[in-house]
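Taking the working numbering as reference, the numbering of the sequence shown is continuous, increasing by one, and the terminal residue is 1468. Since the structure comes first, as structure tokens, the remarks are kept for the end.
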Amino acid sequence: MYKRIRNLREDKDLTQQSIADFLGISQTTYSRYENGNLDVPSVVLIKLADFHKVSIDFILDQTDNPKRYR
């Protein structure tokens, strides 16, 4: 999961700070999410999936299909 959220961010050439600002958290907290040092809360997973227009299952590495269900 942690690699997926980093790859999604990097694919859009975004900084950790820009994603952290979107989520309303510090860059340090977001960095900890990407590095696997802090579990990502479900509310953040939902926001990340919406932002990147992918399914939560894709972020959680349960599928390789990024397509959303709705």
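Note that CB positions come from ideal geometry on N, CA and C, so glycine has one too.
With DSSP collapsed to three states, give me the class of residue i.
| i | result |
| --- | --- |
| residue 1433 | helix |
| residue 1463 | coil |
| residue 1441 | helix |
| residue 1426 | helix |
| residue 1401 | helix |
| residue 1446 | helix |
| residue 1412 | coil |
| residue 1458 | coil |
Considering Cα atoms alone, identify which of the options is closest to residue i.
| i | options | result |
| --- | --- | --- |
| residue 1444 | 1429, 1421, 1415, 1400 | 1421 |
| residue 1451 | 1442, 1459, 1466 | 1466 |
Just to confirm my understanding: we take residue i, look at its own chain, exclude 5 residues before and 5 after, and list those with CB closer than 6 Å. What are they?
| i | result |
| --- | --- |
| residue 1429 | 1414 |
| residue 1431 | 1438 |
To which residues of the same chain is residue i closer than 8 Å at the C-beta, ignoring the five residues directly before and after it?
| i | result |
| --- | --- |
| residue 1449 | 1417, 1420 |
If I measure Cβ to Cβ from residue i and keep anything under 7 Å in the same chain, skipping five residues before and after, which residues do I get?
| i | result |
| --- | --- |
| residue 1455 | 1461 |
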